[in-house]
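Undergrad:
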Amino acid sequence: MEKVILPFCQESGRPLALMIGVKKLVNPALRLAGDSVGKSRIETVENLCAAYPENKFLVTFLSRENQHELCVAARKFGNLLPFGCWWFLNTPGMIREITGMRLELLGLSFIPQHSDARVLDQLVYKWDHSRKEVAQVLTEKYEDLAATGWQLPEDAIRQDVERLFFRNFQEFLGVSL
Numbered sequence: 245m246e247k248v249i250l251p252f253c254q255e256s257g258r259p260l261a262l263m264i265g266v267k268k269l270v271n272p273a274l275r276l277a278g279d280s281v282g283k284s285r286i287e288t289v290e291n292l293c294a295a296y297p298e299n300k301f302l303v304t305f306l307s308r309e310n311q312h313e314l315c316v317a318a319r320k321f322g323n324l325l326p327f328g329c330w331w332f333l334n335t336p337g338m339i340r341e342i343t344g345m346r347l348e349l350l351g352l353s354f355i356p357q358h359s360d361a362r363v364l365d366q367l368v369y370k371w372d373h374s375r376k377e378v379a380q381v382l383t384e385k386y387e388d389l390a391a392t393g394w395q396l397p398e399d400a401i402r403q404d405v406e407r408l409f410f411r412n413f414q415e416f417l418g419v420s421l
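The sequence shown begins at 245 in the numbering used here and counts up one residue at a time.
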């Protein structure tokens, strides 16, 4: 990785996307369905970000326990962008919890969801339930702001949603789509 992938990513301006935390084939009899989840070490990502400050890293963890550590690391490294709730975390409750935590710790500096679809047919329903949960979390945060007397223009909400679902990725890549 240090000799080929990271130099290529740096030279091309492309981020390295890491989806960390799969325990392969814990039940081999289930074949592809036999994978599970394992807690990982955030230090590996922190070391990559520190050693390669010119590289960009899109990172997600499969373990719920790693999500808080990822948020804290993203506050320390501008070249780290958390993304998505995938596989065992792509459930309505986990999406709400992780999106809420990311908003509280990172503001709008993350990507709330990616496709998470191993099968094309999954794309529609996974996007549909993710969008609903992210919308609910945003609504609650905006209601908290409104309770303080702050008047929230509709255009500001639209810009926030655009940033979360489009501009963060576009700006992190440094491209216009």
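All C-beta atoms in this analysis are idealised placements derived from N, C-alpha and C, irrespective of residue type, glycine included.
Going by C-alpha to C-alpha distance, which of Q357, Q254 and L325 sits closest to Y296?
TA: Taking the sequence shown and counting its residues from 1, the one referred to as residue 296 is at position 52. For the residues Q357, Q254 and L325, the minimum Cα distance to Y296 belongs to Q254.
Undergrad: Which whole-angstrom value is the C-beta distance of V303 and L262, which I expect to be below 8 Å?
TA: The count along the sequence shown starts at 1 and reaches residue 303 at position 59. The count along the sequence shown starts at 1 and reaches residue 262 at position 18. Right, the Cβ-Cβ distance comes to about 5 Å (below 8 Å), so this counts as a contact.
Undergrad: Compare the C-alpha of I264 against each of G278, F410, Q357 and K283 and name the closest.
TA: Residue mapping note: residue 264 aligns to position 20 of the sequence shown, counting from 1. When each option's Cα is compared against that of I264, the closest is K283.
Undergrad: Is there contact between the segment 323-333 and the segment 299-314, where contact requires at least three CB pairs shorter than 8 Å?
TA: Contact between the segment 323-333 and the segment 299-314 is present, because at least three Cβ pairs lie under 8 Å.
Undergrad: Which residue wins for smallest C-alpha separation from L352, given the options W371, A318 and R308?
TA: Mapped onto the sequence shown, residue 352 falls at position 108. For the residues W371, A318 and R308, the minimum Cα distance to L352 belongs to A318.
Undergrad: Classify R275 as buried or exposed, calling it buried when 16 or more other Cβ atoms lie within 10 Å of its own Cβ.
TA: As a position in the sequence shown, residue 275 is number 31, starting the count at 1. It is exposed - the Cβ of R275 has fewer than 16 other Cβ atoms within 10 Å.
Undergrad: Does DSSP classify L280 as helix, strand or coil?
TA: Mapped onto the sequence shown, residue 280 falls at position 36. Reading the sequence as shown, one finds Ser at residue 280 and not Leu. Of the three classes helix, strand and coil, the one that applies to S280 here is strand, per DSSP.
Undergrad: With 16 as the cutoff for other CB atoms within 10 Å, does Q366 come out buried or exposed?
TA: Stepping through the sequence shown from its first residue, residue 366 is reached at position 122. Label assigned to Q366: exposed.
Undergrad: Using C-beta distances below 7 Å, list every residue in its chain close to L396, excluding the 5 sequence neighbours before and after it, in chain order.
TA: On the sequence shown, residue 396 is found 152 positions in, with the first residue counted as 1. Counting only Cβ-Cβ distances below 7 Å, and skipping sequence neighbours, we find Y386, L389 and A390.
Undergrad: Sort A273, N271, N310 and G278 by Cα distance to V288 and report the nearest one.
TA: Taking the first residue of the sequence shown as position 1, residue 288 is located at position 44. Before going further, note that residue 288 is Thr rather than Val in the sequence given. Measuring from the Cα of T288, the nearest candidate turns out to be N310.
Undergrad: Report the three-state DSSP secondary structure of F332 (helix, strand or coil).
TA: Residue mapping note: residue 332 aligns to position 88 of the sequence shown, counting from 1. Reduced to three states, the DSSP call for F332 is helix.
Undergrad: Among E290, P272 and N299, which residue has its Cα nearest to the Cα of G418?
TA: Stepping through the sequence shown from its first residue, residue 418 is reached at position 174. If we check each option's Cα against that of G418, N299 comes out closest.
Undergrad: Rounding to the nearest angstrom, what Cα-Cα distance links S420 and A273 in this structure?
TA: One-based indexing of the sequence shown puts residue 420 at position 176. One-based indexing of the sequence shown puts residue 273 at position 29. About 45 Å.
Undergrad: Are the CB atoms of V378 and T335 within a distance shorter than 8 Å?
TA: Locating residue 335 in the sequence shown gives position 91, where the first residue counts as 1. Locating residue 378 in the sequence shown gives position 134, where the first residue counts as 1. For T335 and V378, no; Cβs fall outside 8 Å.
Undergrad: My understanding is that I339 touches N412, with C-beta atoms under 8 Å, so please give their C-beta distance in whole angstroms.
TA: Against the sequence shown, residue 339 aligns to sequence position 95. Against the sequence shown, residue 412 aligns to sequence position 168. Between N412 and I339 the Cβ distance is about 17 Å, and since that is not below 8 Å, they are no contact.
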